[in-house]
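Peer 1: Quick one: the structure is below, and I'll ask about it shortly.
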Amino acid sequence: MTDYGTRTQRIITHIILLLFLLISVIPFYWMIVMATNTTNDIYHVPPILFIGNQLWANFSKVLQNIDFLRNFGNTLLVSTIITVLVLFFCSLAGFTFAKFEFPGRNILFVILLGTMIIPTASSLVASFVIMADFHWIGTFLPLIVPGMVTAFGIFWIRQYSISAIHSDLIDAGRLDGCGHLRLYWSVALPALRPALGFLGAITFINAWNDFLWPLIVLNDAKTYTLQVALAQLNGVYNTDYSMVMAGTLMATLPLIIIFFFGARQFIANISAGALKF
Amino acid sequence: MGSVSPITLPQSETKTKSHAASGQQKSKFRKYLPLYLSILPYFVIFLVFSLVPIIFSLYLAFQRWDGIGKMTFVGFNNFTYALTDPLFGTAILNTFEVWIMSTVPMLFLALAMAFLLNQRKRSKFLYQVCFFLPNITSIVAVTLIFNSFFGVQYGLFNAVLTALHLPAVQWFSDFWAMKWMLAMVVMWRWIGYNGLVYMAGLQSIPTDFYEAARLDGANTFNIFFRITIPLLRPVILFTVISSTIGGLTLFTEPKILFNGAAGQSIPGGIGSQGLTMSLYQYYESFTTFHFGYGAAVSWVIFFILVIFTLLNWKLVQRGEN
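Residue numbers (this note's numbering), protein chains in the order written: chain A, 118 to 394; chain B, 1148 to 1468.
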């Protein structure tokens, strides 16, 4: 809009936006306050409102309750493997769908889009039984294999490839005797880098934050991912909030750091994704 | 067996023909094979880990099975039981209550947020980053943070209420408080996301429309309802549909907030007032190991989901006229 309203209107707009901003940020601040003070300080009336110096004490209590480092390692491993596989398989398929003609291409792509609307949650029990038949329960395979290539990822890369990869380059590469994989590696991948950045970030975040499916297929505390382990911290009686928040803070921090690094691109892509729909 | 030669002749002919054809096929085969192999993984994964489970799930829904013993065919018994179990009824009702309590305020606030942010002349980036932060945080973490806010004796919310000389809320036992608690957690995590989506929609509306309306003497209120909302309809549809699917499959929030309090055998907190459809399905499938029944419940949930998504779709579309 070109008309930005009167001065008072602008001030009111600003105040409401600041209010939204505070609501978004205060819980994070409070998490840090709780994680860095003792639970007694929190239980104090009126409660302490500033960041303290008890983070390490609280975090060592986390370590007594769950094997945090191991859970962290599990999550990092699983999320990284999923992200690498998704990036490879989705970009290869998306590039192929976008830039090559082959019999059945369009119908296969329509089928792929159709599969996106099928909810996986409606076959949770059956999926679990199949994983049990594969003897995969208690391993990371049920987390990695079904998620290693996604319809959304292929769709995303295909849309991007159409305009980002020049067909001339593909033709030139072919004349030089490049095979399909070679074209993918030397022509497609460099051009797809921005799209891959976003797909990788969103895949990693989703894998890191996943809860329901890991909760079902991981049956040993040694294999728990962070989210499953964190949920265990929340005891029934006498919850030590400072301890829980110290664990939550440590589990959340990596994603927040990743997000800050790529925030500008991330926000632009989230918006573009919704508009494409 | 006397007619050997007449048969051999055409045979050899077809042989050479098919040889030529297969030669051509071979080169075609060689040309297309890498392409098909490139797209194959998704279809294999989909087949094995989505389609097969769905078909198996349909089969399971008609069986009684605890996962170890023998399966018994029970016809529609699982479905009749699901539709007559008062606990599942409670779960359905709770899910819809929480869905309305969270989605309606959430989408309105998100729209207001986007509209106001879009009016800002200077950089919007810092706002966007902060608004989006809750969404990249895991539901488990968000729920744990809010869980501490809701502490009855020492939680932040009740501390504020007490400071204002208002009565403390029994968050974990009051009928509506339990639902507001779930709704608040959902809203906080999703307002910013929906706000950013709306904002992208707003930015795709050409400014000419606004200028023309201003010249015709329209005020901000009129512009918002006569121009912004109608042009934003596809984006609104997207947010309504995703909120419907997300809201009706609510699981993690109630699972953590009402985590089997006091060793009770029924999930969803006191009186199961925090029990949702997905939590009920999880409980029936993986706590009591009624696999057949769990599968049937998931199909009932699936149908409710499809019907409501279509209904919302129609509703948003109809507003067009």
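Virtual Cβ for every residue (Gly too), placed ideally from N, Cα, C. Here the structure is a predicted model, which is why all the values come from computation and not from measurement.
Can you find at least 3 beta carbon pairs, one from the segment 1246-1256 of chain B and one from the segment 1324-1339 of chain B, that sit closer than 8 Å?
Peer 2: yes
Peer 1: Would you decide whether A/R124 is buried or exposed? Buried here means 16 or more other CB atoms lie within 10 Å of its CB.
Peer 2: On the first sequence, position 7 is the one that residue 124 of chain A refers to. Flag for A/R124 reads exposed.
Peer 1: What does A/W147 touch in chain B if you count any residue whose Cβ is under 9 Å from its own?
Peer 2: Your numbering for residue 147 of chain A matches position 30 in the first sequence. Ordered by position in chain B, the residues that pass the 9 Å Cβ test against A/W147 are I1292, S1295, F1296, L1303.
Peer 1: Between A/L135 and A/K339, what straight-line distance do the alpha-carbon atoms span, to the nearest angstrom?
Peer 2: Position 18 of the first sequence, counted from the start, is the residue given in the question as residue 135 of chain A. Position 222 of the first sequence, counted from the start, is the residue given in the question as residue 339 of chain A. Rounded to whole angstroms, A/L135 to A/K339 spans 44 Å at the Cα level.
Peer 1: For B/M1253, collect the residues of the same chain with a Cβ closer than 8 Å to its Cβ; drop the 5 residues on either side in sequence, then sort them by chain order.
Peer 2: Against the second sequence, residue 1253 of chain B aligns to sequence position 106. If we look at B/M1253 and ignore the five residues flanking it on each side, its Cβ neighbours are V1333, M1334, W1337, I1338, N1341, S1390.
Peer 1: According to DSSP, which residues form a beta bridge with B/F1220?
Peer 2: On the second sequence, residue 1220 of chain B is found 73 positions in, with the first residue counted as 1. DSSP lists B/Q1210 as partners of B/F1220.
Peer 1: Nearest by alpha-carbon distance to B/I1215: which of B/F1436, B/L1452, B/Q1266 is it?
Peer 2: Against the second sequence, residue 1215 of chain B aligns to sequence position 68. The candidate whose alpha carbon is nearest that of B/I1215 is B/F1436.
Peer 1: In this structure, does DSSP put B/A1365 in helix, strand or coil?
Peer 2: For the purposes of this step, residue 1365 of chain B is taken as residue 218 along the second sequence, with counting starting at 1. Correct three-state label for B/A1365: coil.
Peer 1: Put B/S1204 into one of helix, strand or coil per three-state DSSP.
Peer 2: Here residue 1204 of chain B is taken as the residue at index 57 of the second sequence, counted from 1. In the three-state reduction of the DSSP assignment, B/S1204 falls in the helix class, which pools H, G and I.
Peer 1: Please look up how many angstroms separate the CB atoms of B/A1208 and B/A1443, rounded, as I've assumed it's under 8 Å.
Peer 2: In the second sequence, residue 1208 of chain B corresponds to position 61, counting from 1. In the second sequence, residue 1443 of chain B corresponds to position 296, counting from 1. That belief holds up - the Cβ atoms of B/A1208 and B/A1443 are roughly 4 Å apart, short of 8 Å.
Peer 1: At the 7 Å Cβ level, is B/S1445 part of the contact set with chain A, yes or no?
Peer 2: On the second sequence, residue 1445 of chain B is found 298 positions in, with the first residue counted as 1. It does; some Cβ of chain A falls within 7 Å.
Peer 1: Pick from B/F1433, B/F1438, B/T1399, B/G1441: whose alpha carbon is nearest that of B/T1423?
Peer 2: Position 276 of the second sequence, counted from the start, is the residue given in the question as residue 1423 of chain B. The residue among B/F1433, B/F1438, B/T1399, B/G1441 with its C-alpha nearest the C-alpha of B/T1423 is B/T1399.
Peer 1: Once the 5 residues before and after B/V1447 are set aside, which same chain residues still bring their CB inside 6 Å of it?
Peer 2: For the purposes of this step, residue 1447 of chain B is identified with residue 300 of the second sequence, where counting begins at 1. When the five nearest sequence neighbours on each side are left out, the beta carbons in the same chain lying within less than 6 Å of the beta carbon of B/V1447 are those of A1229, in order along the chain.
Peer 1: Enumerated in chain order, which unbroken segments of the alpha helix (DSSP H) with a length of 4 residues or greater are wholly contained in the segment 153-181 of chain A?
Peer 2: 156-160
Peer 1: Does any CB atom of chain B fall closer than 7 Å to the CB of A/Y358?
Peer 2: Your numbering for residue 358 of chain A matches position 241 in the first sequence. Chain B, which has a Cβ nearer than 7 Å to the Cβ of A/Y358, makes this yes.
Peer 1: With C-beta atoms as the reference, is B/G1416 less than 7 Å away from B/N1225?
Peer 2: If you number the second sequence from 1, residue 1416 of chain B lands on position 269. If you number the second sequence from 1, residue 1225 of chain B lands on position 78. With respect to the 7 Å criterion, B/G1416 and B/N1225 are not classified as neighbours on the basis of their beta carbons.
Peer 1: Express the C-alpha separation of A/L329 and B/A1365 in angstroms, rounding to a whole number.
Peer 2: The sequence position of residue 1365 of chain B within the second sequence is 218, counting from 1. The sequence position of residue 329 of chain A within the first sequence is 212, counting from 1. Roughly 50 Å separates the two Cα atoms.
Peer 1: How is B/G1410 classed by DSSP in three states: helix, strand or coil?
Peer 2: On the second sequence, position 263 is the one that residue 1410 of chain B refers to. Reliability fails at B/G1410, whose pLDDT of 47 lies under 50, so the model's placement of it is uncertain and the value that follows must be treated cautiously. Reduced to three states, the DSSP call for B/G1410 is helix.
Peer 1: Indicate whether A/Y341 and A/L335 have their beta-carbon atoms separated by less than 7 Å.
Peer 2: Numbered from its first residue, the first sequence carries residue 341 of chain A at position 224. Numbered from its first residue, the first sequence carries residue 335 of chain A at position 218. Yes. Within cutoff.
Peer 1: Figure out for me which residue from B/L1303, B/V1344, B/F1297 has the closest Cα to the Cα of B/D1321.
Peer 2: The sequence position of residue 1321 of chain B within the second sequence is 174, counting from 1. Cα-wise, what sits closest to B/D1321 is B/F1297.
Peer 1: Leaving out five residues before and five after B/V1432 in sequence, what residues of the same chain have Cβ atoms less than 7 Å from its Cβ?
Peer 2: Residue numbering aside, residue 1432 of chain B sits at position 285 when the second sequence is read from its first letter. Position check: residue 1432 of chain B holds Ser in this sequence, whereas Val was assumed. For B/S1432, where only same-chain residues beyond five positions count, the Cβ hits under 7 Å are F1438, G1441.
Peer 1: Quick one: give me the first and last residue of the alpha helix (DSSP H) that B/Q1464 is part of.
Peer 2: For the purposes of this step, residue 1464 of chain B is identified with residue 317 of the second sequence, where counting begins at 1. Note, B/Q1464: alpha helix (DSSP H), 1438-1465.
Peer 1: With a 10 Å radius around its C-beta and 16 neighbouring C-beta atoms as the bar for buried, classify B/A1409 as buried or exposed.
Peer 2: Translated into the one-based positions of the second sequence, residue 1409 of chain B becomes position 262. Caution applies to B/A1409, whose pLDDT of 44 falls short of 50 and renders its modelled position unreliable; the value that the coordinates give is listed next. Exposed: under 16 other Cβ atoms inside 10 Å.
Peer 1: Confirm, please, whether the CB-CB distance from A/S208 to A/A324 is below 7 Å.
Peer 2: Counting from 1 along the first sequence, the entry for residue 324 of chain A is found at position 207. Counting from 1 along the first sequence, the entry for residue 208 of chain A is found at position 91. For A/A324 and A/S208, no; Cβs fall outside 7 Å.
Peer 1: Taking the continuous alpha helix (DSSP H) assigned at B/E1431, which residues delimit it?
Peer 2: Stepping through the second sequence from its first residue, residue 1431 of chain B is reached at position 284. Per DSSP, B/E1431 belongs to the alpha helix (DSSP H) from 1424-1433.
Peer 1: Which residues of the segment 1303-1321 of chain B have a Cβ closer than 9 Å to any Cβ of chain A? Give them in chain order.
Peer 2: L1303, A1306, T1309, A1310
Peer 1: Figure out for me which residue from B/S1351, B/F1455, B/Y1357 has the closest Cα to the Cα of B/T1396.
Peer 2: As a first step, residue 1396 of chain B must be located in the second sequence, where it is residue number 249. Of B/S1351, B/F1455, B/Y1357, the residue nearest in Cα terms is B/F1455.
Peer 1: What is the DSSP secondary structure of A/R291, counted as helix, strand or coil?
Peer 2: Position 174 of the first sequence, counted from the first residue, corresponds to residue 291 of chain A. Note: A/R291 maps to helix in three-state DSSP.
Peer 1: Determine, for B/P1353, whether the minimum Cβ-Cβ distance to residues of chain A falls below 7 Å.
Peer 2: For the purposes of this step, residue 1353 of chain B is taken as residue 206 along the second sequence, with counting starting at 1. Not an interface residue.
Peer 1: Any idea what DSSP makes of B/K1173, helix, strand or coil?
Peer 2: The residue labelled residue 1173 of chain B in the question sits at position 26 within the second sequence. Note: B/K1173 maps to helix in three-state DSSP.
Peer 1: For chain A, is any of its Cβ atoms less than 7 Å away from the one on B/Q1172?
Peer 2: Within the second sequence, the letter at position 25 stands for residue 1172 of chain B. No, its Cβ sits nowhere closer than 7 Å to a Cβ of chain A.
Peer 1: Could you tell me the boundaries of the alpha helix (DSSP H) in which A/S278 lies?
Peer 2: Numbered from 1 along the first sequence, position 161 holds the residue referred to as residue 278 of chain A. Counting along the chain, the alpha helix (DSSP H) containing A/S278 begins and ends at 268-281.
Peer 1: Can you find a C-beta in chain B that's less than 7 Å from the C-beta of A/T119?
Peer 2: Here residue 119 of chain A is taken as the residue at index 2 of the first sequence, counted from 1. Note that A/T119 scores 44 on pLDDT, short of 50, meaning its location in the model is unreliable; the coordinates nonetheless yield the value given after this. For A/T119, the answer is yes, since a Cβ of chain B falls inside 7 Å of its Cβ.
Peer 1: 7 Å is my cut-off, CB to CB: does B/K1162 come that close to chain A?
Peer 2: Indexing the second sequence from 1 puts residue 1162 of chain B at position 15. For B/K1162, the pLDDT reaches just 45, beneath the cut-off of 50, and the residue's location in the model is therefore unreliable, leaving the point undetermined.
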